[in-house]
């Protein structure tokens, strides 16, 4: 039987690629933690059918790093006005930076994190999305999320209902 | 569109090709009229869409053609009218069913233009086809607002008196064929009355008024009478189907000026039979042993005739029949055979009403329920299910859980097998029963009850989601059921291990071919429920599902794509699909919880902006339970304090609290204490609008709140103490009473012993 925390877990993505990580690194994922293991196997294989390989690769990278350097919890209300002010650990800043991760990947990561039950990754990606939305008007957000436009009437109605805030802005 | 839908196109092409062409052109019209397409909601310009279909299809010609074919008894195969109705019903998405109904209604109104001379009071065959289609749509989609469908037709078209008459008749007929709550006759009549102010005052026939309004709506009738010139009318031009028990009682109750005491039901009723005036005569001694179908029909017609002059004809009939059958050991079996024949005679026509009356009059609810169920199995018409559920839910006989359980058993067996019936009707009926009879079952057999309930909830998906999706339509059968399920949902929490049963049912559902014909919302909720289940378990369960269903699970909008691709391959139109697949909206991947978690970080300004992005986010921001505004409050004003726990009312929603505080703070933004530079602000206690201008003042004010809280706790403590004392006093009193009784008992006992001794 494998020693506690030293076993190897192999994750197979939806397109068949396999990624390895240690059991201790996999512990932040609720799904992997609870998944059934054979008692005397050192290596456990788990199919992650809902996540594609590029995304799973990043997720595994995150899990491995998290095992070495824990991410600080994100305070609410947020303690800063930019992403880098709130998240002051350089590796994590870099991990979700615009250069390394495009928007599609970010949203894929969000759903993967939710599926695998990795709370820190979910928090980090949510924070990133939040700061992408902050300060933008509805039109820009819609463009960002690739949503279709509202009709002018709907738009006007939305503004009218909250005019007391926009007066100040 | 016009070309594709014409009769010549129907004749010149093969049926499949006709269908294909028509589908393509309908999709094109749909695309033109779509206002916005987000991942959750596709909205259309309803008015534009309706006009497109009304003007670009030659409905009068189609109807005329259909009528001619029927007149020649040439009914083999389908007519272009039926084809177009079917394709419209299938193709228009869920949101556009209102459009379909409006189109069909206006087609109905214009169908009779060619028959101006016809004074017949029966509906033409084409009109019946259109009506049947509308009824089908109404039954399939419980959320369609019928009121607005009628209003739309009344407002848009310039109607003649004859058409108004027809419209009212149609409304009445629909109200009879659908759930009666669906069509508000009073509303329709009021709208018609409004039109009358301008024109047509004299030409509208008052008979409609009489036929339409039950005794309950008498004030509206009076309103109507005042506007229409008072005339004396005969009732002989009533539609056959308009004759019913409720109307006859209305005639006599409201002293409506009726010249003929007995309604003539065309030829049958023209033969004057003296016996009908006397209910106890031989006419009612019907021999149910040897009744042929023809004789039964005649019996039925007699009944209808009597129903116009008597309040409870069926009761009389039932009594007579019972009397006749007293010699038999058991009454119902033979009689039921007869009724069964009768019902089979006309599975969709007036005998329905007869059935309802029958169930009210005959004292055999169990047999009646069985009868209705058998009728449903035979005809697949969900109206029978409605009768079935109504009888089981309302009859006192079924207050006994065992009776109720037995009666509902066939429905349940059907639901559990559920592989051949794409109709959501049985689930609706079951849900209706759950609402009314749930309590009884809960006590009768809790375990079984929970099992059924969980499986039923799978059919519906998440009840909460349904409630959110249909907030504006309060009375539909489904809603009934959903509310029932929600009420009982606490059971589910305790029994989450029941996954195997769920798997079985969902697999059966997903593999059936009819899945794609389900209304979108129902299919969507099932998909939603499943994806939640899957998330709770490992991903391995996915493999056991069918491929199409897996696609639906991975993203809610895939279901739309799935439908779209289906339609596209039919219509050879791949552009839209290609565009959708290369550039899907981003938050397709995200479920509501994730969206809440990143919206939770936003402040008030961003929340308001985000609210304008799409309908889904608007709902999320407005939902007070999600506490997005609570976060924004803390974000903006810092920590807060409470004197007492917040009560649950509108003014205590976090949005209202935020807004009130925000508006109070607005004038204080730049104000500071001139000496200490202390920033003016309002008190931190929620609900307190005191403005604090210095540190000293803050401390004093805080003390005041603390005193208040102390006082409040003291009062609460005192109240508690008072209650405790009261309780103790009552207990003591009770104890004394018991002691007294005991002593009395002892004395009596002693006395008795002495006497005995």
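Residue numbers (the UniProt record's numbering), protein chains in the order written: chain A, 1 to 169; chain B, 1 to 757. Backbone N, C-alpha and C fix where the C-beta goes; we use that ideal spot for every residue, glycine too. No experiment lies behind these values; they were computed from the predicted model shown.
Relative to the Cα of residue 112 of chain A, the nearest Cα in the group A/45, A/62 and A/157 belongs to A/62. Among the residues of the segment 126-146 of chain A, those with a Cβ less than 8 Å away from any Cβ of chain B are 126, 127, 129, 130, 133, 134, 135, 136, 137, 138, 141, 142, 144, 145 and 146, in the order of the chain. Per the coordinates, the alpha-carbon of residue 109 of chain A lies some 7 Å from the alpha-carbon of residue 59 of chain A. By the neighbour-count definition (other C-beta atoms within 10 Å, threshold 16), residue 73 of chain A is an exposed residue.
Contact residues of the segment 66-88 of chain A toward chain B are 76, 77 and 78 (C-beta to C-beta distance below 7 Å). Boundaries cannot be given for residue 15 of chain A, as no alpha helix (DSSP H) includes it and DSSP labels it neither H nor E. Membership of residue 7 of chain B in the alpha helix (DSSP H) is indicated by the continuous run 7-12. Only those residues of the segment 595-608 of chain B whose C-beta falls short of 7 Å from the nearest C-beta of chain A are listed: 597, 598, 601, 602, 604, 605, 606 and 608. Taking a Cβ-Cβ threshold of 9 Å, the residues of chain A close to residue 635 of chain B are 76, 77 and 78, in chain order. Judged by DSSP secondary structure, residue 67 of chain A falls outside any beta strand (DSSP E) and instead within the alpha helix (DSSP H) spanning 53-68.
Neighbours of residue 99 of chain B across chain A, judged by C-beta separation under 9 Å, do not exist; the nearest C-beta is about 18 Å away.
For residue 95 of chain A, same chain residues with a beta-carbon under 7 Å away, outside a window of 5 residues either side, are 62 in chain order. Here residue 46 of chain A carries a strand assignment [DSSP, helix/strand/coil]. Residue 56 of chain A is outside the set of residues whose beta carbon lies under 9 Å from a beta carbon in chain B.
Considering only beta carbons, the part of the segment 111-122 of chain A lying closer than 8 Å to chain B consists of 111, 114, 115 and 122, in chain order.
The shortest CA-to-CA distance from residue 147 of chain A to any of B/668, B/644 and B/616 is the one to B/616. Neighbours of residue 610 of chain B in chain A, taken as residues whose beta carbon is under 7 Å from its own, are 133 and 141 in chain order. In the DSSP annotation of this structure, residue 690 of chain B is not part of any alpha helix (DSSP H), being labelled neither H nor E. DSSP places residue 683 of chain B in no alpha helix (DSSP H); its state is neither H nor E. CA-to-CA, the gap between residue 134 of chain B and residue 88 of chain B works out to about 11 Å.
DSSP links residue 21 of chain A through a beta bridge to A/9. Cβ neighbours of residue 12 of chain A within its own chain (closer than 6 Å, five residues either side excluded): 18 and 47. For residue 25 of chain B, the uninterrupted alpha helix (DSSP H) run begins and ends at 15-33, by DSSP. Residue 656 of chain B sits in a helix when the DSSP states are folded into three classes. Under the 10 Å beta carbon count, residue 135 of chain A is surrounded by fewer than 16 other beta carbons and is classified as exposed. Around residue 591 of chain B, the beta-carbon contacts reaching into chain A at under 9 Å are 111 and 114.
In the structure shown, residue 89 of chain A adopts coil according to DSSP, grouped into three states. Counted as a single uninterrupted DSSP element, the stretch harbouring residue 676 of chain B is not any alpha helix (DSSP H), since DSSP gives it neither H nor E.
Going by C-alpha positions, residue 675 of chain B is about 10 Å away from residue 694 of chain B.
At a beta-carbon threshold of 9 Å, the residues of chain A lying near residue 631 of chain B are 76 and 77, ordered along the chain.
The contact set of residue 613 of chain B on chain A, defined by CB atoms closer than 7 Å, consists of 138, 141, 142 and 147 in chain order. Nearest Cα to residue 606 of chain B within the set B/629, B/591 and B/672: B/629.
A straight-line Cα-Cα distance of about 23 Å links residue 681 of chain B and residue 645 of chain B. Listed in chain order, the non-local C-beta contacts of residue 366 of chain B below 7 Å within the same chain comprise 397, 403 and 407, local neighbours out to five positions each way being set aside. Within the same chain, and ignoring the five residues on either side of residue 85 of chain B in sequence, the residues whose Cβ sits closer than 8 Å to its Cβ are 104, 129, 130 and 133. For residue 79 of chain B, there is no enclosing alpha helix (DSSP H), as DSSP gives it neither H nor E.
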